[in-house]
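Asker: Have a look at the structure that comes next, please.
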Amino acid sequence: MITSIDIRNLGVIAGAHADFGPGLTVVTGETGAGKTMVLSSLLLLLGGRADAALVRQGAARLDVDGVFEVDEDTAERAEEAGGVVEDGELIVGRTVPARGRSRARLGGRPVPASAIAGIVGSMVTIHGQSDQIRLTSQNAQREALDRFGGAAHQGLVARYRGAFHAAVAAKKRLDAALADRDGREEEIEDLAAATARIASLGLAVGEEEELARESARLTNVQDLRAHCEAAQGALRGGDSVPGAIDLARQALAELDGAGRYDESVVEMCQRLQSQILEVEALADDVSAYSRTLEPDPAALARVHERRAAIKDALRGRAGDIEGLLAWNEAALERLEELSSPDSDPEALERALAAAQERVLELGGRLSEARRRLADSLSAQVDEELRALSMPDASLSIALTPSKPTSHGLETIGFLLRPHPSAPPRPLGSGASGGELSRVMLALELILGRDGSSSTFVFDEIDAGIGGQTATEVGARLARLAEDHQVIVVTHLAQVAAFASHHLVIAKDDGTTSVRVVTGVDREAELTRMMGGDPHSPAARRNVIEVLGSAVSQSQG
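Here full-length UniProt numbering is used: the sequence shown runs in plain steps of one and ends on residue 556.
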């Protein structure tokens, strides 16, 4: 519920404060005094678009602050956004400069305007003359019918919408697969052949270097043998030439002799003895290696063949085996993707058919539910219209089958028949402003029972009506106010007479004020609204009768 608003430099209002209570609050005043500015301030507090044109001429900025009574859920969401809620009250503010960006505040914390809309926007439903025009659109009419169905029906709407979007996505996947079918099959063949070839090679990281060494060994086996034989001669010597081992043994004998005269030489003898043993072992190894050096053309051919196969596998894919193995892993993933049902056109066709069948199944259920809702809603609207001085009028809701859309399997249109001899016609082409006002009020009276909004604001919903019809409109607004806060900007005394709170917007010497009127002041305002002289006893008596009649109807 809206508790109060403070307005500064908004349109013709330099500064004003207004308190709102529960029940029905009416806002009245002379034309041009600024009644619609109250509505503009509420729209800003609900996260509406900031327009610098609203700033009072000559002012640097406008400010609007509002106090809302909120429930625990709204308070929790406001606190999650960083705002402060005290004693169940949340302060919301908007600042709109004449130049520059607007600012929004929620519970004392700067927030985006969208945060305000998300947290307090759902608490208030605002209807103006533009909403009467909106009511003529098929989208608004469909939304009204679905809203009438309540949460369970809207859950069905959401499931249908999800199924429709899933079918659209399935169609896009199929179209993409069909458009690239030849390329896809060619890519599958190429990847399958490449990965199979790589798998057959059984590659190991570092294998290229090992093959290069083996190729060098097999290619140069004769030179290797010659070098090894020369090394053998140098180590072991020949018939007339001593080798390294022979010379080392001669050195050992000499040192051994020296050791008889100096014990420090013994350690050198031991070291040399160890080196002689190492060289003898090395000579044995060279001899054993040399015996393995036999020409092997077949082995060399296999090495060349292996290196050629690896080079072919690497070409265009990687620079070495490690990179090729990484490419192969990615190729296998891509191959799996291309071979999965999500990429196979035939499987995608089956998936699309199933998705479309789901759309038709849910769409059929939604259509049947809407037909039942249409019968019930039109009957209830007709009942309200009879009470609003349209006794012969009837509202019918046409469901015309159409190709599936995100909204269903039909278009929805509200048709109004003002009297039995007239044909039903779409609201937008046959209904007057006053008739639209009453249809919208009837719908809101019915739809408002779901409690989705705690506050309803109507801006001159009584346009184009008067007399007894205006009285009935006031009575209906008072009935809606029994369970909701209702704020009405009106120019009709018959409507204002039903209010539990009456605010008057007055303009004096260019300054606009907002004041609460009660008692004789309220009677004077109602007299002015009825075109009478506030000082005339007869006019006052007429107003008192109107007030009494309103009280009687409200109590009845």
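Built from N, CA and C at the ideal position, the CB exists for glycine as well. Only a predicted model underlies this, so the values are computations on that prediction, with no experimental measurement involved.
Rounded to the nearest angstrom, what separates S339 and G83 at their Cα positions?
Answerer: Each residue's Cα considered, the two are about 53 Å apart.
Asker: Could you tell me the alpha carbon to alpha carbon distance between E187 and K172, rounded to whole angstroms?
Answerer: Taking the straight line joining both Cα atoms gives about 21 Å.
Asker: Does the distance from the C-beta atom of G34 to that of I505 stay below 8 Å?
Answerer: Yes. Within cutoff.
Asker: Quick one: is D87 near chain B, going by C-beta distance under 8 Å?
Answerer: The displayed structure is made up of one protein chain only, and chain B is not part of it.
Asker: Just to check my reading of the structure: V119 and L42 have Cβ atoms closer than 8 Å, yes? What is that Cβ distance to the nearest angstrom?
Answerer: Residue identity check: residue 119 is Ile in the sequence provided, not Val. In fact, because the Cβ distance is near 15 Å, the residues do not count as touching under 8 Å.
Asker: Would the beta-carbon of V439 fall within 8 Å of that of L415?
Answerer: No. Outside cutoff.
Asker: Starting from Q485 and walking both ways along the beta strand (DSSP E), at which residues does that stretch end?
Answerer: It spans Q485 to V489 - the beta strand (DSSP E) in which Q485 sits, taken as one unbroken run.
Asker: Applying the criterion that 16 or more other CB atoms from any shown protein chain within 10 Å of the CB defines a buried residue, is A216 buried or exposed?
Answerer: A216 is exposed by the Cβ-count criterion.
Asker: Consult DSSP for R330 and reduce its assignment to one of helix, strand or coil.
Answerer: The displayed chain sequence assigns Ala, not Arg, to residue 330. Reduced to three states, the DSSP call for A330 is helix.
Asker: Alpha helix (DSSP H) containing E79: first to last residue?
Answerer: It spans E72 to E80 - the alpha helix (DSSP H) in which E79 sits, taken as one unbroken run.
Asker: Tell me, which residues are paired with P110 by DSSP?
Answerer: Answer by DSSP bridge pairing, in chain order: R105.
Asker: Flag this pair as yes or no: are the beta carbons of D459 and T36 separated by less than 8 Å?
Answerer: Result yes, Cβ atoms of D459 and T36 sit closer than 8 Å.
Asker: Report yes or no: do the segment 153-163 and the segment 350-364 share at least 3 C-beta pairs separated by less than 8 Å?
Answerer: Contact holds: three or more Cβ-Cβ distances are below 8 Å.
Asker: For S406, which option in L46, R101, V64 and A167 has the closest C-alpha, if you only look at C-alpha atoms?
Answerer: The shortest Cα separation from S406 among L46, R101, V64 and A167 belongs to A167.
Asker: For H502, count neighbouring C-beta atoms within 10 Å of its own C-beta (all shown protein chains included) and say buried if the count is 16 or more, exposed if not.
Answerer: H502 should be labelled buried.
Asker: Can you tell me where the alpha helix (DSSP H) holding D312 begins and where it ends?
Answerer: Residues P297 to L314.
Asker: Please state if the CB of L300 and the CB of T219 are separated by a distance shorter than 8 Å.
Answerer: For T219 and L300, yes; Cβs fall inside 8 Å.
Asker: Using alpha carbons as the reference points, say which of S40, E30 and R334 lies closest to I7.
Answerer: When each option's Cα is compared against that of I7, the closest is S40.
Asker: In whole angstroms, give me the CA-to-CA distance for D296 and V303.
Answerer: Each residue's Cα considered, the two are about 11 Å apart.
Asker: Specify the secondary structure class of residue 558 as computed by DSSP and reduced to three states.
Answerer: Outside the shown range of the chain, which is 1 to 556, sits residue 558, and nothing can be said about it.
Asker: Any idea what DSSP makes of N220, helix, strand or coil?
Answerer: Correct three-state label for N220: coil.
Asker: How would you write the range of the beta strand (DSSP E) that H153 sits in, first residue to last?
Answerer: H153 -> not in any beta strand (DSSP E); alpha helix (DSSP H) instead, spanning G150 to A179.
Asker: Flag this pair as touching only if the segment 225-235 and the segment 303-320 have three or more C-beta atom pairs under 8 Å; answer yes or no.
Answerer: No: fewer than three Cβ pairs fall under 8 Å.
Asker: Going by C-alpha distance, which of S536, I487, V495 and P537 is nearest P22?
Answerer: It is I487.
Asker: What are the boundary residues of the alpha helix (DSSP H) that D382 is part of?
Answerer: First-last of the alpha helix (DSSP H) with D382: P345 to A387.
Asker: Are the segment 96-116 and the segment 46-61 in contact at 8 Å, needing three or more beta carbon pairs?
Answerer: These segments touch.
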